[in-house]
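>
Residue numbers (this note's numbering): 462 to 538.
As structure tokens, this is what we get:
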């Protein structure tokens, strides 16, 4: 595993549900990549298009995240 990957210690998986079949999921994926390229605490890992029903598809995105202690408030229960 490279040093770049080791600095991340969490994975967030997101499912993006489009409003209709006309939504370009590749464009959505590219926009997510562009936004994450500017972020120091997270990095795009992978994306997968998954069928839902009747031609509708979702985009599942995995994002690597590093715990930024200043940004994450610990829950005390």
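Glycine included, every Cβ here is placed at the ideal spot set by N, Cα and C.
Here the structure is a predicted model, which means the values were calculated and not measured.
1) Are residue 528 and residue 508 close, meaning C-beta to C-beta below 8 Å?
2) To the nearest angstrom, report how far apart residue 522 and residue 474 are at their CA atoms.
3) Do residue 477 and residue 516 count as a contact pair if the criterion is CB distance below 8 Å?
4) When the Cα of residue 472 is compared with those of 498, 502, 479 and 484, which residue comes out closest?
5) Name the residue from 526, 496, 514 and 510 whose alpha carbon lies nearest to the alpha carbon of residue 487.
6) Just reading off the beta strand (DSSP E) that residue 482 is part of, what are its end residues?
7) Just the Cα atoms here: how many angstroms apart are residue 470 and residue 479?
8) Indicate the three-state DSSP secondary structure (helix, strand or coil) for residue 494 in the structure shown.
Let me lay it out:
1) Residue numbering aside, residue 528 sits at position 67 when the chain shown is read from its first letter. Residue numbering aside, residue 508 sits at position 47 when the chain shown is read from its first letter. Not closer than 8 Å, so no.
2) Looking up residue 522 in the chain shown gives position 61. Looking up residue 474 in the chain shown gives position 13. Answer to the nearest angstrom: the Cα atoms are 6 Å apart.
3) As a working note, residue 516 is residue 55 in the chain shown. As a working note, residue 477 is residue 16 in the chain shown. No.
4) Counting from 1 along the chain shown, the entry for residue 472 is found at position 11. For the residues 498, 502, 479 and 484, the minimum Cα distance to residue 472 belongs to 502.
5) In the chain shown, counting from the first residue as 1, residue 487 sits at position 26. Ranking 526, 496, 514 and 510 by Cα distance to residue 487 puts 510 first.
6) Looking up residue 482 in the chain shown gives position 21. Unbroken run through residue 482: none, as it is neither H nor E.
7) To locate residue 470, count along the chain shown from 1; it is residue 9. To locate residue 479, count along the chain shown from 1; it is residue 18. Residue 470 and residue 479 have their C-alpha atoms some 29 Å from each other.
8) On the chain shown, residue 494 is found 33 positions in, with the first residue counted as 1. Looking at residue 494 - three-state DSSP - the assignment turns out to be helix.
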